[in-house]
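Novice:
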Amino acid sequence: MRAFLLLAFAFASSTAGAESLIMHPGGFPSPTGEVATLLSHLYNVIFLITAAVMAIVALPLGYILWRYRSNNVGKPATFSHHMGLEVAWTVIPALICLFIAWESWHAMKFIRTMPQEGINVEAVAYQFGWDFYYPDASENGVHVSAPEATIPDAHLSSAGEDRLVKELVVPVGTPIKLQVTAADVIHAFYAPNLGVKIDAIPGRINYTWFQADAPGKYLGQCAELCGSAHGEMFFYVHAVPQADYDAFIATQRTAAGLTPTPMQQEETGELLSTQPAPSPANAAAALPGSTTSSSAPSTPVIAPAVNVAVPSPETATPPVL
Ligand SMILES: [Cu+2]
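Numbering (the numbering used here), first residue to last: 2 to 322.
1) Among Phe111, Val125, Val241 and Gln222, whose alpha-carbon lies nearest the alpha-carbon of Thr209?
2) Can you check whether the CB of Val143 is closer than 7 Å to the CB of Ala257?
3) Okay, do the segment 95-109 and the segment 134-143 touch, 3+ Cβ pairs below 8 Å being the bar?
4) Can you tell me whether Glu225 sits near ligand 1, meaning its C-beta is under 6 Å from at least one heavy atom of the ligand?
5) Compare the C-alpha of Ala248 against each of Thr262, Tyr237, Phe235 and Phe236 and name the closest.
6) Tell me the rounded alpha-carbon separation between Ala224 and Ser71.
7) State the start and end residues of the unbroken beta strand (DSSP E) segment that holds Tyr208.
8) Do Leu195 and Phe211 have their CB atoms nearer than 7 Å?
9) What are the partner residues of Cys223, as DSSP defines its beta bridges?
10) Is it the case that the segment 234-247 contacts the segment 165-185, given that we only count it when at least three CB pairs across the two stretches are under 8 Å?
11) DSSP on His239, reduced to helix/strand/coil?
12) Where does Gly174 sit, in a helix, a strand or coil, going by DSSP?
13) Is the beta carbon of His82 within less than 6 Å of some heavy atom of ligand 1?
14) Going by the beta-carbon positions, is the gap between Pro116 and Pro176 smaller than 7 Å?
15) Fully enclosed by the segment 105-170, which beta strand (DSSP E) runs are 3 residues long or longer?
16) If Ala201 sits next to Tyr219, beta carbons under 8 Å apart, how far is it from one beta carbon to the other, in whole angstroms?
17) Taking the C-alpha atoms as reference points, what is the distance between Glu35 and Leu43?
18) Quick check on Leu195: does DSSP put it in helix, strand or coil?
19) I'd like the list of long-range same chain contacts for Leu40, defined as Cβ closer than 6 Å, with 5 residues on each side in sequence excluded.
20) So, Phe100 versus Val166, is the Cβ gap smaller than 7 Å?
21) Quick check: what's the CA-CA separation for Tyr134 versus Leu259?
22) Return helix, strand or coil for Ala181, following the three-state DSSP convention.
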């Protein structure tokens, strides 16, 4: 019995101060930004709770199996009921579930509350690639879109082939208010480092937000099985300093035939129903081995059956875990 107590104490001590050691169990990507950090902490809290529950169940079970093994059985106990135990193993799990539900609800509320400040980005998924638009930089019906970039990751590109993917350039430290839809079948925008995963559904506009607190290229991919080249639907979120972002927008505006800086700011939060659909050329460009350069997509126009407007912005405070 003393050995069991020592083991239980050692486990409790290690889990109590171990959050920094197991911030990303299972090789989870490092989080950047408030949303990703919140989700990572929520995951770690739930992981520690479930690990403790497993230990509380498994360690006594192992001890009992050893203590009362077949060649060590004395006279069996004769009691059949214990009210205290019944109450404990009903109330304690219920409280644990309520705590997890409470923390999860706070996290979901935080993620679903669009920040007041930030830039708007629209994402359109299609078989098999992505288009990203910047409505704040668009003007007079001319849409400013994200360019393509070559994947530098040797694990994702075949030898001797350049794989082109769309690169969503965003400023560091600024909330990105994302509206997502799809042109054909259901896809999902998934950028694990940024804590973003949201379905892209034809005829519907989903919304969420994220923020990159450190510059870098964050790999994203489609997370909804959508067809034969689903596994090729990568994209990048490229977080750059604000000055570089401003220069990027000026370049993209010039490429779209606009002046480098807006003459008149269009109303922000423009719905995707006014956005053109990706052209077949763009779809082909997203496939591995293609070197087709991207151009501004043309008709047909996506006409979602349901237009979901972005809710009025509120300032949210992240819950404390
Ligand atoms: Cu997919």
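Heads up, the beta-carbon is just placed ideally off N, CA and C, and yes, glycines get one too.
Specialist: Reading from the atomic positions:
1) Mapped onto the sequence shown, residue 209 falls at position 208. Nearest option by C-alpha distance: Phe111.
2) Here residue 257 refers to the residue found at position 256 of the sequence shown. Here residue 143 refers to the residue found at position 142 of the sequence shown. Yes; because the gap between Cβ atoms is below 7 Å, this pair is in contact.
3) no
4) Here the question's residue 225 lines up with position 224 in the sequence shown. Because some heavy atom of ligand 1 lies under 6 Å away, the Cβ of Glu225 counts as near it: yes.
5) Sequence index remark: in the sequence shown, residue 248 carries index 247 (1-based). Taking only the C-alpha atoms, the option nearest Ala248 is Thr262.
6) Numbered from its first residue, the sequence shown carries residue 224 at position 223. Numbered from its first residue, the sequence shown carries residue 71 at position 70. Distance between the alpha carbons of Ala224 and Ser71 is about 51 Å.
7) Taking the sequence shown and counting its residues from 1, one reaches residue 208 at position 207. Asn207 to Phe211 is the span of the beta strand (DSSP E), which, as asked, contains Tyr208.
8) If you number the sequence shown from 1, residue 195 lands on position 194. If you number the sequence shown from 1, residue 211 lands on position 210. A contact, by the Cβ cut-off of 7 Å.
9) As a working mapping, residue 223 is identified with position 222 in the sequence shown. For Cys223, which the question treats as bridged, DSSP gives the partners Phe190.
10) yes
11) Indexing the sequence shown from 1 puts residue 239 at position 238. Note: His239 maps to strand in three-state DSSP.
12) Here residue 174 refers to the residue found at position 173 of the sequence shown. It is coil, neither helix nor strand.
13) By one-based count along the sequence shown, residue 82 stands at place 81. Outside the cutoff, so no.
14) Position 115 of the sequence shown, counted from the first residue, corresponds to residue 116. Position 175 of the sequence shown, counted from the first residue, corresponds to residue 176. Yes, these two residues count as a Cβ contact at 7 Å.
15) 120-127, 130-134 and 149-151
16) In the sequence shown, the residue the question calls residue 201 occupies position 200. In the sequence shown, the residue the question calls residue 219 occupies position 218. That pair is no contact at about 18 Å.
17) The sequence position of residue 35 within the sequence shown is 34, counting from 1. The sequence position of residue 43 within the sequence shown is 42, counting from 1. C-alpha separation (whole angstroms): 12 Å.
18) For this step, residue 195 is matched to residue 194 along the sequence shown. Looking at Leu195 - three-state DSSP - the assignment turns out to be helix.
19) What you label residue 40 is simply residue 39 of the sequence shown in a count that begins at 1. If we look at Leu40 and ignore the five residues flanking it on each side, its Cβ neighbours are Gly196.
20) Stepping through the sequence shown from its first residue, residue 100 is reached at position 99. Stepping through the sequence shown from its first residue, residue 166 is reached at position 165. No. Outside cutoff.
21) Against the sequence shown, residue 134 aligns to sequence position 133. Against the sequence shown, residue 259 aligns to sequence position 258. Looking at the two C-alpha atoms, the distance is approximately 15 Å.
22) As a working note, residue 181 is residue 180 in the sequence shown. One detail in the question is off: residue 181 reads as Val in this sequence, not Ala. Three-state result, Val181: strand.
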